[in-house]
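There are 2 protein chains.
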Amino acid sequence: MSTRKYEQRLRADAAEETRRRILAAVYERLCQAPTEPVSIEQVAKMAGVSRSTVYLVFGSRAGLFDALGDDLRGRGGFDRAADVTVETDARKGLSASIRASVPIFAEHREVLRVLYSMAQLDPDAVGGAVQRMADSRSAGMAWHARRLAEQDQLRPDVTVDEAAHLLWTLCGFETFDQLYTGRALPVDAVADLMVAIVERVVCA
Amino acid sequence: MSTRKYEQRLRADAAEETRRRILAAVYERLCQAPTEPVSIEQVAKMAGVSRSTVYLVFGSRAGLFDALGDDLRGRGGFDRAADVTVETDARKGLSASIRASVPIFAEHREVLRVLYSMAQLDPDAVGGAVQRMADSRSAGMAWHARRLAEQDQLRPDVTVDEAAHLLWTLCGFETFDQLYTGRALPVDAVADLMVAIVERVVCA
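If you read the sequences in order, they're chains A and B.
Residue 102 in the numbering used here sits at position 102 of the first sequence, and the numbers go up by one each step.
Residue 1139 in the numbering used here sits at position 139 of the second sequence, and the numbers go up by one each step.
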């Protein structure tokens, strides 16, 4: 590696390390004081960087929360989620996707609970990140619904649109958390129940 | 009516009127500033009573939120809920109970959303009222689950305990709100979908 390339690499590593430190600070901050609005000032202080560095790295408050959302989805289950796309059977693909997301929900339950609840009280508090996560999930669920229909695996009394509404509602964090926290069930039992719910409600 | 009885009646009416004014103030306060902790001082001021009157009428902060919870359930659907208990068929009784609760959820969606989300961030913020509502709902759902089993209306692959977990999760405010707010569906469509979900997931 040339000296110049090596220096570029070092700078990239340092930037990634700063990025991770800031994300870890928001994560910690949300878990520690769930009822308080997140201040960028405070996050910067916890991460040992300046306020302007946070804006430089993430562009905006919304950008910071979006990055946290992406990070949460990616960290827990990138490889597991990848399995889903190679599954060509619509019904099995849907189950695999639920079984991939449940451990991510469980691993990051505390911070996800805060993000979702804060967003319900004040969407801007978490920079609209939860709304964008919901939109992206909505597209994913519509895709599953269409695929089930194409493979004749949709219940005859359920339309593709209804299936998209039902999948979005039944495969999400709220249903997970009702079973996991509300009923104190273990992760595996929650995954089994969520797969059973979805198969009974939308699958032929 | 004797003068003494008449005076007692007037005092009772005045007490009820004070009680209602305080409950209306908490309701309004929760809708107006969903992210702020509720101060009894402020509620008293809005209701035009002293702080000590609030404690005199409701006993405690927890008592105030419990009364609000009872009021929300009672106001919207006392008569409708009563219909459920006369229905002797377990499956029809369960559907009737869902169809009775959905309009109550919709009518008071805003304040229920705040109560549930606040409770998730800090259970004490709403005096533990949401936890007690959840406990009471839990008993109700266990009763429906047992009744379905007794009348051989439970799916053969679902135990009574599982049915109680599933009913608690699928008939509650969170599932309602995912469909009603998250998917922007009309009340009637939400009720139809919730009945369909529950019948497919737990009923034979």
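The beta carbon of each residue, even a glycine, is placed where N, CA and C say it ideally should be.
These numbers were taken from a predicted model, which means no experiment stands behind them.
Distance, residue j Cα to residue i Cα
i, j, result
"Thr3 of chain A", "Arg9 of chain A", "10 Å"
"Ala196 of chain A", "Val202 of chain A", "10 Å"
"Phe1058 of chain B", "Ala1012 of chain B", "15 Å"
"Leu121 of chain A", "Glu1007 of chain B", "45 Å"
"Ala14 of chain A", "Arg73 of chain A", "23 Å"
"Ser138 of chain A", "Ile1022 of chain B", "41 Å"
"Ser52 of chain A", "Pro37 of chain A", "19 Å"
"Ser39 of chain A", "Ala25 of chain A", "11 Å"
"Asp1192 of chain B", "Gly63 of chain A", "38 Å"
"Gln1042 of chain B", "Glu17 of chain A", "46 Å"
"Asp1135 of chain B", "Phe1176 of chain B", "18 Å"
"Ala184 of chain A", "Gln178 of chain A", "9 Å"
"Asp70 of chain A", "Ala142 of chain A", "20 Å"
"Met1194 of chain B", "Met46 of chain A", "45 Å"
"Cys171 of chain A", "Leu1170 of chain B", "12 Å"
"Val247 of chain A", "Ala119 of chain A", "Since the first and last residues shown for chain A are 1 and 204, residue 247 of chain A lies out of range."
"Met133 of chain A", "Glu1150 of chain B", "43 Å"
"Asp152 of chain A", "Gly1182 of chain B", "27 Å"
"Asp188 of chain A", "Glu107 of chain A", "13 Å"
"Gly1076 of chain B", "Phe1105 of chain B", "Its pLDDT being 47, under 50, Gly1076 of chain B is placed unreliably in this model, and the coordinates cannot settle the point."
"Thr35 of chain A", "Ser95 of chain A", "34 Å"
"Ala33 of chain A", "Ala44 of chain A", "16 Å"
"Ala1204 of chain B", "Val54 of chain A", "55 Å"
"Phe1078 of chain B", "Lys1005 of chain B", "Only weak support exists for where Phe1078 of chain B lies, its pLDDT of 37 falling under 50; the value from the coordinates is given anyway. Rounded to the nearest angstrom, the two C-alpha atoms are 29 Å apart."
"Val114 of chain A", "Pro186 of chain A", "21 Å"
"Gly1140 of chain B", "Asp1124 of chain B", "24 Å"
Test: residue i CB closer than 8 Å to a CB of chain A
i, result
"Pro1034 of chain B", "yes"
"Ala1149 of chain B", "no"
"Gln1131 of chain B", "no"
"Asp1135 of chain B", "no"
"Arg1019 of chain B", "no"
"Gln1178 of chain B", "yes"
"Ser1002 of chain B", "no"
"Arg1011 of chain B", "no"
"Arg1200 of chain B", "yes"
"Val1117 of chain B", "Reading off the sequence, residue 1117 of chain B comes out as Ser, not Val. By this cut-off, Ser1117 of chain B is an interface position."
"Leu1072 of chain B", "no"
"Gln1120 of chain B", "yes"
"Arg1113 of chain B", "yes"
"Thr1175 of chain B", "yes"
"Gly1172 of chain B", "yes"
"Leu1094 of chain B", "no"
"Leu1068 of chain B", "no"
Three-state class that DSSP yields for residue i in the structure shown
i, result
"Phe1078 of chain B", "Since pLDDT at Phe1078 of chain B reaches only 37, below the 50 mark, its modelled position is unreliable, and the value read off the structure follows with that caveat. Reduced to three states, the DSSP call for Phe1078 of chain B is helix."
"Cys171 of chain A", "coil"
"Leu154 of chain A", "strand"
"Asp192 of chain A", "helix"
Cβ-based burial, residue i [other Cβ within 10 Å; buried from 16]
i, result
"Val1086 of chain B", "exposed"
"Ser97 of chain A", "buried"
"Arg61 of chain A", "buried"
"Glu1162 of chain B", "buried"
"Gln131 of chain A", "exposed"
"Thr88 of chain A", "exposed"
"Arg1020 of chain B", "exposed"
"Ala164 of chain A", "buried"
"Ser50 of chain A", "exposed"
"Leu56 of chain A", "exposed"
"Gly1048 of chain B", "exposed"
Nearest-angstrom Cβ-Cβ length linking residue i and residue j, presumed shorter than 8 Å
i, j, result
"Val1160 of chain B", "Ala1145 of chain B", "5 Å"
"Val1102 of chain B", "Leu1030 of chain B", "In fact, because the Cβ distance is near 21 Å, the residues do not count as touching under 8 Å."
"Ala129 of chain A", "Phe173 of chain A", "Not a contact, Cβ separation roughly 13 Å."
"Tyr1116 of chain B", "Leu1068 of chain B", "Actually they are not in contact, since the Cβ atoms of Tyr1116 of chain B and Leu1068 of chain B sit about 13 Å apart, beyond 8 Å."
"Gly93 of chain A", "Arg155 of chain A", "About 17 Å; that fails the 8 Å criterion."
"Leu167 of chain A", "Val190 of chain A", "Not quite, the Cβ-Cβ distance comes to about 17 Å (not below 8 Å), so this is no contact."
"Arg109 of chain A", "Tyr180 of chain A", "7 Å"
"Arg200 of chain A", "Arg1200 of chain B", "5 Å"
Any C-beta of chain B under 8 Å from that of residue i
i, result
"Ile197 of chain A", "yes"
"Ala125 of chain A", "yes"
"Arg63 of chain A", "According to the sequence shown, residue 63 of chain A is Gly rather than Arg. With 8 Å as the cut-off, Gly63 of chain A does not count as an interface residue toward chain B."
"Leu30 of chain A", "no"
"His165 of chain A", "yes"
"Trp168 of chain A", "yes"
"Glu110 of chain A", "no"
"Gly182 of chain A", "yes"
"Leu193 of chain A", "yes"
Cutoff 8 Å: residue i Cβ touching any chain C Cβ
i, result
"Glu1087 of chain B", "The chain labelled as chain C is not found among the protein chains of the depicted structure, namely A and B."
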